[in-house]
Amino acid sequence: MTGSITKRGERSWRLKFDRGTDPETGKRRTVYVTVKGTKKEAQAELIRQLNQVDEGSFVAKSGSTVGEYADHWLTSIAPAKASPKTLERYREIAAHHIAARLGKVELQKLDGTKIDEFYQHLRTKGRRDGKGGLASQTVMHVHRLLSQILASAVKARKLRASPMAEVQAVPKVRKEEIQVLDDGELAKLLQHLKGRSIYMPVMVAASTGMRRGEVLALRWRDVDFDALTLQVRQVVEETKEGVRVKEPKTDRGRRTISLPARLVAELKRHKKEIAELRLKLGMGKANHDLVFPTIDGGMRAPRPFSKEFAREAKAAGVPHVTFHGLRHTHITHLLRSGVPVHVVATRAGHANPSVTLTIYAHVLPGQQEAAAAIVDAALSRALQEGPQQSSDRSGANSVPTDQISGAVALPSG
């Protein structure tokens, strides 16, 4: 592939070359680039540009802005990847933060310095009411969205590389303490809720670790009383457009959960009570087969449900826990009871056990001490008995692998 150089001024040159055929029109795409310097420098730049075309890394100069590409991404790309709820959140972040501060910046002129300044603004003055900075979690959400948009721009050949690699003050989020109920608090909550419509959803969440959307979307056809299991097959989601049902986000989210016998008994009683109530009201069998429907058999909306839970939790004397805290309580209880982490991960619907470890490792005190005790015992034997005795006794006194895996870090089975 060749190009040409034309002198435009004392130290100005115009480079001309083509970068292949436009797949839509079939026409050759001619590129014009103006450079300053000597002719030798212009020739070197032409060679560099032609090499980029050959390698497939050439990016044509463009004056399009961050805001324009963000709009394109939100309209044409994000809907194929994100749920309506997530897309709604993306649009809010883009409109209120990214477009407001970076929208008019040329995409190809955005660099790490501008992004660092943007993040500093968010941290100190980012609130829409003008009363200070945004929470670190919100800044992180902005960072992740901007990263996705810029990565897409690289794929679309609008950028050679994402300027995120140049950012020096990448947002960080300090882990918040997980909300967990102890046995006494959980008993107090359940006792307070007995007889209320929210009692059974709370019982299921505390007994299975299911998420709010999974609990509210549960159907009777998903519950197997004989096998003592239920299947998570759908999730309810609430957006500005209303309530809708969708499939779990991941394959691990679609899972089968074993049920304790006490919960099965409670579910059977609950099913009978719903049928009797509908019969008494002359409503007949519900159309949607939901385990926790509204009075008319419809889907309960997540936001009002969470508000109801918050009111009742406060009345029960446990205002520090959210409905999601019941999931944390269940998973924490399993791990502290020695259930292998891979089993807990499967039950919780985590992508893999490492996710469970990342979230819950800190709620298991004493694991490091147990590991140190095992090593200390082994060292003591080795130092007291000497090499030969230690070798002779290694088969008889070594710690079994399954004991070590149960004592070091987390039980892994």
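Heads up: the sequence shown begins at 9 in the numbering used here, then just goes up one per residue. Where is the CB? At the ideal position from N, CA and C, for every residue including glycine. In this text the structure is predicted, and so the values were computed from the model without any measurement.
Would the beta-carbon of residue 60 be found less than 7 Å away from any heavy atom of the ligand ATP? Only the bare structure without any ligand can be found here, which leaves the ligand ATP out of the picture.
How about residue 155 and residue 181: do their beta carbons lie closer than 8 Å? The residue labelled residue 155 in the question sits at position 147 within the sequence shown. The residue labelled residue 181 in the question sits at position 173 within the sequence shown. In this structure, residue 155 sits away from residue 181, with a CB-CB distance that is not shorter than 8 Å.
Whose C-beta lies closer than 6 Å to the C-beta of residue 223 among residues of the same chain, with five residues either side of it excluded? To locate residue 223, count along the sequence shown from 1; it is residue 215. Spatial neighbours of residue 223 in its own chain (CB-CB distance under 6 Å, excluding positions within 5 residues in sequence) are listed in chain order as 209, 212, 213.
To the nearest angstrom, report how far apart residue 385 and residue 203 are at their CA atoms. As a working note, residue 385 is residue 377 in the sequence shown. As a working note, residue 203 is residue 195 in the sequence shown. When rounded, the distance between both Cα atoms is 54 Å.
Between which two residues does the beta strand (DSSP E) holding residue 39 run? The residue labelled residue 39 in the question sits at position 31 within the sequence shown. Residues 36-44.
Segment contact flag, the segment 187-196 with the segment 323-341, C-beta cutoff 8 Å, min 3 pairs: Yes: at least three Cβ pairs fall under 8 Å.
Measure the C-alpha to C-alpha separation of residue 305 and residue 345 and round it to an integer number of angstroms. In the sequence shown, residue 305 corresponds to position 297, counting from 1. In the sequence shown, residue 345 corresponds to position 337, counting from 1. Straight across, the Cα-Cα distance linking residue 305 with residue 345 is about 38 Å.
Neighbourhood of residue 278 by C-beta distance below 8 Å, restricted to the same chain and skipping five residues each side: Here residue 278 refers to the residue found at position 270 of the sequence shown. If we look at residue 278 and ignore the five residues flanking it on each side, its Cβ neighbours are 208, 299.
Going by C-alpha distance, which of 146, 249, 272 is nearest residue 237? If you number the sequence shown from 1, residue 237 lands on position 229. Here the closest residue by C-alpha is 272.
Could you pull the DSSP bridge partners for residue 232 from this structure? Stepping through the sequence shown from its first residue, residue 232 is reached at position 224. BP columns for residue 232 point to 237.
Which of helix, strand or coil DSSP assigns to residue 124: In the sequence shown, the residue the question calls residue 124 occupies position 116. If DSSP states are grouped into helix, strand and coil, residue 124 belongs with the helices.
Which residues DSSP lists as bridging residue 263, in chain order: The sequence position of residue 263 within the sequence shown is 255, counting from 1. Answer is 240.
Give me the Cα-Cα distance between residue 240 and residue 256, rounded to the nearest whole angstrom. For the purposes of this step, residue 240 is identified with residue 232 of the sequence shown, where counting begins at 1. For the purposes of this step, residue 256 is identified with residue 248 of the sequence shown, where counting begins at 1. In a straight line, the C-alpha of residue 240 is about 8 Å away from that of residue 256.
Give me the Cα-Cα distance between residue 456 and residue 116, rounded to the nearest whole angstrom. Any property of residue 456 remains undetermined from this structure, which presents the chain solely from 9 to 421.
Could you spell out where the alpha helix (DSSP H) holding residue 333 opens and where it closes? Numbered from its first residue, the sequence shown carries residue 333 at position 325. 331-344 is the extent of the alpha helix (DSSP H) around residue 333.
Looking only at its chain, what residues have a beta carbon closer than 7 Å to the beta carbon of residue 161, apart from the 5 residues adjacent to it on each side? Residue 161 sits at position 153 when you count from the first residue of the sequence shown. Excluding residues within five positions, the ones whose Cβ falls inside 7 Å are 77, 115, 167.
Beta-carbon separation of residue 217 and residue 335 under 8 Å? For the purposes of this step, residue 217 is taken as the residue at position 209 of the sequence shown. For the purposes of this step, residue 335 is taken as the residue at position 327 of the sequence shown. Taking C-beta atoms as the reference points, residue 217 and residue 335 count as a pair closer than 8 Å.
Buried or exposed for residue 57, going by 16 or more other Cβ atoms inside 10 Å? Stepping through the sequence shown from its first residue, residue 57 is reached at position 49. Around the CB of residue 57, 16 or more other CB atoms lie within 10 Å, so the residue is classed as buried.
How far does the beta strand (DSSP E) with residue 252 in it extend, from its first residue to its last? Counting from one through the sequence shown, the residue named residue 252 turns up at place 244. From DSSP, the beta strand (DSSP E) with residue 252 extends over 250-254.
8 Å contact criterion, which residue 220 and residue 312 should meet: CB distance rounded: Taking the first residue of the sequence shown as position 1, residue 220 is located at position 212. Taking the first residue of the sequence shown as position 1, residue 312 is located at position 304. So it is not a contact: roughly 12 Å between Cβ atoms.
Would you list the residues sitting across from residue 22 in a DSSP beta bridge? Along the sequence shown, read from residue 1 onward, the residue named residue 22 stands at position 14. Beta-bridge pairing links residue 22 to 14, 42.
Measuring only between beta-carbons, confirm whether residue 194 sits less than 8 Å from chain D. Note that chain D does not occur in the displayed structure, where there is just one protein chain.
Can you give me the Cβ contacts of residue 87 inside the same chain, cut-off strictly under 8 Å, excluding the 5 residues immediately before and after it? Residue mapping note: residue 87 aligns to position 79 of the sequence shown, counting from 1. Closer than 8 Å at the Cβ level, and outside the excluded window around residue 87, lie 95.
Per DSSP, which residues does residue 298 bridge with? Please list them. Your numbering for residue 298 matches position 290 in the sequence shown. Beta-bridge partners assigned by DSSP to residue 298: 227.
Distance check for residue 391 and residue 401, CA to CA, integer angstroms please. Residue mapping note: residue 401 aligns to position 393 of the sequence shown, counting from 1. Residue mapping note: residue 391 aligns to position 383 of the sequence shown, counting from 1. With a pLDDT of 49 at residue 401, under the threshold of 50, the modelled position of this residue cannot be trusted; read the value that follows with caution. In a straight line, the C-alpha of residue 401 is about 13 Å away from that of residue 391.
If you draw a straight line from the C-alpha of residue 119 to the C-alpha of residue 157, how long is it? Here residue 119 corresponds to residue number 111 of the sequence shown, with the count starting at 1. Here residue 157 corresponds to residue number 149 of the sequence shown, with the count starting at 1. Looking at the two C-alpha atoms, the distance is approximately 14 Å.
Check whether the Cβ atoms of residue 46 and residue 22 lie closer than 8 Å to each other. Position 38 of the sequence shown holds residue 46. Position 14 of the sequence shown holds residue 22. With respect to the 8 Å criterion, residue 46 and residue 22 are not classified as neighbours on the basis of their beta carbons.
So the alpha helix (DSSP H) residue 269 belongs to, where does it begin and stop? Position 261 of the sequence shown, counted from the first residue, corresponds to residue 269. Per DSSP, residue 269 belongs to the alpha helix (DSSP H) from 269-288.
Per DSSP, what kind of secondary structure is residue 132 in: helix, strand or coil? Walking along the sequence shown from the start, residue 132 turns up at place 124. Of the three classes helix, strand and coil, the one that applies to residue 132 here is helix, per DSSP.
Around the C-beta of residue 368, are 16 or more other C-beta atoms found within 10 angstroms, so that it is buried, or is it exposed? One-based indexing of the sequence shown puts residue 368 at position 360. Buried: at least 16 other Cβ atoms inside 10 Å.
One or two residues paired with residue 364 in a DSSP bridge: Start at 1 with the first residue of the sequence shown, and residue 364 comes out as number 356. Per the DSSP secondary-structure output, residue 364 pairs with nothing in a beta bridge.
When burial is assigned at 16 or more other CB atoms within 10 Å of the CB, is residue 275 buried or exposed? Counting from one through the sequence shown, the residue named residue 275 turns up at place 267. Buried, by the Cβ-count rule.
Counting C-beta neighbours from all protein chains within 10 Å, is the total for residue 178 16 or more, i.e. buried, or is it exposed? What you label residue 178 is simply residue 170 of the sequence shown in a count that begins at 1. Exposed, by the Cβ-count rule.
Who pairs with residue 245 in a beta bridge, going by DSSP? Taking the sequence shown and counting its residues from 1, the one referred to as residue 245 is at position 237. DSSP lists 252 as the bridge partner or partners of residue 245.
At which residue ranges does the segment 63-112 contain complete alpha helix (DSSP H) runs of 4 or more residues, listed in the order of the chain? You should have 74-80, 92-101, 107-110.
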